Every structure is written in structure tokens, then in C-alpha cells.
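Q: Structure in C-alpha cells, see below.
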Amino acid sequence: MVQATARHLLVSSEEKCEALKQEIMGGADFADVAKANSSCPSGAQGGDLGSFGPGMMVKEFDEVVFSAPLNEVQGPVKTQFGYHLLEVTSRG
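Sequence positions in the sequence shown follow UniProt numbering and run 1 to 92.
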């Protein structure tokens with residue numbers, strides 16, 4: 001089965017998510033931005049979600065993780081939890 005590793009950050013508004021994406025695209029470190037802003041417990045680890053397979057995350061998240069190019073910030077991705085930025089770090 002295909003496995004992916006990814007990191008993400010979670011915020012409550014699309015506007016905040018977009019602003020953080022611009023910070024990262026401007027050179028800010030994804031892990032530092034996640035630690036400072038993410039409301040998900042994974043934020044403490046820089047947003048690292050570890051390794052997981054298809055179907056282990058919510059549908060909207062899963063679709064991006066298993067189709068997006070590696071090492072490119074994706075989002076905002078809206079789920080029932082809020083708005084995510086995510087970056088797929090490996091897949092195989």
C-alpha cells in the first residue's frame with residue numbers, strides 16, 4: 001500500500017491560512033510557522049504527521065496528500081476541523 005509523509009498546520013480561518021502560506025512562500029520555515037500558529041497538536045512537532053496510508057486522514061486532506069507534488073505547500077484545504085496548509089514530504 002502507498003504510504004505518504006506530510007506536515008501541516010491548522011487554523012480557523014481561510015484568511016489566516018492564506019496569510020501563513022504567503023509567509024512560507026516568502027521564505028519562512030514551514031515548521032516554525034506551524035509551531036507558532038497551528039491549532040493541531042502536531043504543531044508542536046512543526047506539523048509533522050509521520051507516515052500514513054490512504055483513508056487514514058479526512059477525505060479532503062487525503063485527496064491532496066495522494067495527488068499533490070512533493071515538497072510544495074498546498075492549501076488552504078478546508079475540512080471539518082478548519083483550514084490546512086500541507087506539504088507532502090514523501091510518497092511511495
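C-beta atoms are modelled at their ideal positions from N, C-alpha and C, and glycine is treated no differently.
Values in this document were obtained by computation on a predicted structure and should not be read as measured data.
Under the three-state reduction of DSSP, which class applies to His-74: helix, strand or coil?
A: First, the amino acid is wrong: residue 74 is Gln here, not His. Strand at Gln-74.
Q: Let me know the secondary structure DSSP gives Asn-12 once reduced to three states.
A: First, the amino acid is wrong: residue 12 is Ser here, not Asn. If DSSP states are grouped into helix, strand and coil, Ser-12 belongs with coil.
Q: Quickly, what does DSSP pair Phe-52 with across the bridge? List them, please.
A: According to DSSP, which records beta bridges pairwise, Phe-52 is partnered with Ala-4.
Q: Use the C-beta contact count for Met-25: other C-beta atoms within 10 angstroms, 16 or more gives buried, fewer gives exposed.
A: It is exposed - the Cβ of Met-25 has fewer than 16 other Cβ atoms within 10 Å.
Q: If Ala-34 sits next to Arg-7, beta carbons under 8 Å apart, how far is it from one beta carbon to the other, in whole angstroms?
A: About 7 Å; that satisfies the 8 Å criterion.
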